[in-house]
Amino acid sequence: MSIESFIIDGARSPIGTKNGQMVGVRSDDLAAQVIQGLMQRNANIPAEVVEDVVVGCAFPEGPQGMLMARSISVLADLPIESGAKVVNRFCGSSMDSVHQLSQAVLSGDIDA
321 MSIESFIIDG ARSPIGTKNG QMVGVRSDDL AAQVIQGLMQ RNANIPAEVV EDVVVGCAFP
381 EGPQGMLMAR SISVLADLPI ESGAKVVNRF CGSSMDSVHQ LSQAVLSGDI DA
(Lines of atoms letter the chains of each structure in order from A; the text may use other names.)
(Lines give C-alpha, C1' and ligand atoms only; values in the text may rest on other atoms or scores of the structure.)
Protein backbone atom coordinates (compact mmCIF):
# COMPACT_ATOMS: atom_id res chain seq x y z
CA MET A 321 0.00 0.00 0.00
CA SER A 322 1.30 3.43 -0.92
CA ILE A 323 1.16 6.12 1.75
CA GLU A 324 1.01 9.78 0.79
CA SER A 325 1.28 12.93 2.86
CA PHE A 326 -0.81 16.03 2.14
CA ILE A 327 -1.46 19.42 3.68
CA ILE A 328 -5.26 19.61 3.82
CA ASP A 329 -5.67 23.03 5.39
CA GLY A 330 -3.66 25.87 6.82
CA ALA A 331 -4.02 29.05 8.82
CA ARG A 332 -1.80 31.73 10.20
CA SER A 333 -1.85 34.25 12.97
CA PRO A 334 -2.07 38.00 12.45
CA ILE A 335 1.17 39.93 12.09
CA GLY A 336 1.65 42.64 14.67
CA THR A 337 3.75 45.76 14.70
CA LYS A 338 6.30 46.81 17.30
CA ASN A 339 4.46 47.94 20.45
CA GLY A 340 1.17 47.50 18.57
CA GLN A 341 -2.15 45.99 19.63
CA MET A 342 -0.70 42.50 20.01
CA VAL A 343 2.18 43.48 22.30
CA GLY A 344 0.56 41.72 25.28
CA VAL A 345 -0.47 38.54 23.47
CA ARG A 346 1.66 35.49 24.29
CA SER A 347 2.90 33.45 21.35
CA ASP A 348 1.49 30.19 22.74
CA ASP A 349 -1.97 31.76 23.15
CA LEU A 350 -1.81 33.06 19.58
CA ALA A 351 -0.74 29.69 18.16
CA ALA A 352 -3.45 27.90 20.16
CA GLN A 353 -6.06 30.19 18.58
CA VAL A 354 -4.77 29.18 15.14
CA ILE A 355 -5.09 25.46 15.98
CA GLN A 356 -8.55 25.98 17.47
CA GLY A 357 -9.62 27.79 14.29
CA LEU A 358 -8.35 24.92 12.14
CA MET A 359 -10.13 22.35 14.30
CA GLN A 360 -13.40 24.31 14.11
CA ARG A 361 -13.08 24.70 10.35
CA ASN A 362 -12.44 20.95 10.01
CA ALA A 363 -15.05 19.72 12.47
CA ASN A 364 -15.15 16.33 10.72
CA ILE A 365 -11.66 15.62 12.15
CA PRO A 366 -11.95 14.81 15.87
CA ALA A 367 -9.24 16.18 18.16
CA GLU A 368 -8.59 12.63 19.39
CA VAL A 369 -6.85 11.74 16.11
CA VAL A 370 -4.26 14.52 16.44
CA GLU A 371 -1.11 12.53 17.20
CA ASP A 372 1.52 15.23 17.19
CA VAL A 373 1.92 19.00 17.36
CA VAL A 374 5.15 20.24 15.79
CA VAL A 375 5.96 23.93 16.14
CA GLY A 376 8.72 25.69 14.25
CA CYS A 377 10.23 28.41 16.42
CA ALA A 378 13.70 29.90 16.05
CA PHE A 379 13.90 31.23 19.62
CA PRO A 380 11.62 29.18 21.94
CA GLU A 381 12.27 31.12 25.12
CA GLY A 382 10.67 33.64 27.41
CA PRO A 383 7.35 33.26 29.22
CA GLN A 384 6.12 30.37 27.04
CA GLY A 385 9.14 28.24 27.91
CA MET A 386 11.30 25.89 25.91
CA LEU A 387 8.56 23.38 25.00
CA MET A 388 5.95 25.81 23.75
CA ALA A 389 4.38 23.13 21.53
CA ARG A 390 3.07 21.36 24.66
CA SER A 391 1.51 24.52 26.07
CA ILE A 392 0.05 25.31 22.64
CA SER A 393 -1.57 21.87 22.38
CA VAL A 394 -2.99 22.13 25.93
CA LEU A 395 -4.30 25.66 25.30
CA ALA A 396 -5.87 24.45 22.02
CA ASP A 397 -7.77 21.72 23.93
CA LEU A 398 -6.03 18.87 22.12
CA PRO A 399 -5.82 15.52 23.92
CA ILE A 400 -3.05 15.32 26.51
CA GLU A 401 -1.91 12.11 24.76
CA SER A 402 -0.93 14.08 21.64
CA GLY A 403 2.80 14.46 21.25
CA ALA A 404 4.41 17.88 20.99
CA LYS A 405 7.82 19.17 19.96
CA VAL A 406 9.56 22.36 18.91
CA VAL A 407 11.85 22.49 15.88
CA ASN A 408 14.57 25.14 15.93
CA ARG A 409 16.24 25.55 12.54
CA PHE A 410 16.29 29.34 12.65
CA CYS A 411 14.75 30.72 9.42
CA GLY A 412 13.84 27.21 8.27
CA SER A 413 12.03 26.14 11.45
CA SER A 414 8.50 26.06 10.06
CA MET A 415 9.55 24.36 6.82
CA ASP A 416 11.50 21.72 8.73
CA SER A 417 8.44 21.15 10.95
CA VAL A 418 6.35 20.36 7.87
CA HIS A 419 9.09 18.05 6.54
CA GLN A 420 9.33 16.17 9.84
CA LEU A 421 5.57 15.61 10.00
CA SER A 422 5.49 14.46 6.38
CA GLN A 423 8.34 12.03 7.02
CA ALA A 424 6.54 10.67 10.09
CA VAL A 425 3.40 10.02 8.02
CA LEU A 426 5.32 8.46 5.11
CA SER A 427 7.27 6.17 7.43
CA GLY A 428 4.11 5.04 9.23
CA ASP A 429 5.19 6.51 12.57
CA ILE A 430 1.92 8.46 12.72
CA ASP A 431 -1.35 7.70 10.94
CA ALA A 432 -2.39 9.75 7.95
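Numbering of the sequence shown is given in the working numbering, commencing with residue 321 and proceeding in unit increments. C-beta: ideal position from N, C-alpha, C; glycine also. Nothing here was measured: the structure is a model prediction, and the numbers come from that model.
Note to self: Cutting at 8 Å between CB atoms, please list the residues of its own chain near P383, excluding the five before and the five after it.
What the structure shows: Sequence index remark: in the sequence shown, residue 383 carries index 63 (1-based). Here the set comprises R346.
Check: Comparing the CB of L387 with every heavy atom of the ligand GTP, is any distance shorter than 6 Å?
Finding: This structure lacks the ligand GTP; in fact it carries no ligand of any kind.
Notebook entry, point to check: Taking the C-alpha atoms as reference points, what is the distance between T337 and G344?
Noted result: Within the sequence shown, the letter at position 17 stands for residue 337. Within the sequence shown, the letter at position 24 stands for residue 344. G344 has its alpha-carbon roughly 12 Å from the corresponding atom of T337.
Checklist line | Beta-carbon separation (whole angstroms), S402 vs V373, contact threshold 8 Å | finding: For the purposes of this step, residue 402 is identified with residue 82 of the sequence shown, where counting begins at 1. For the purposes of this step, residue 373 is identified with residue 53 of the sequence shown, where counting begins at 1. That pair is a contact at about 6 Å.
Check: Is DSSP giving G428 helix, strand or coil here?
Finding: For the purposes of this step, residue 428 is identified with residue 108 of the sequence shown, where counting begins at 1. The answer is coil: DSSP assigns G428 none of H, G, I, E or B.
Check: How many angstroms separate the CA atom of V370 from the CA atom of L398?
Finding: Counted from its first residue, the sequence shown places residue 370 at position 50. Counted from its first residue, the sequence shown places residue 398 at position 78. Between V370 and L398, the C-alpha separation is close to 7 Å.
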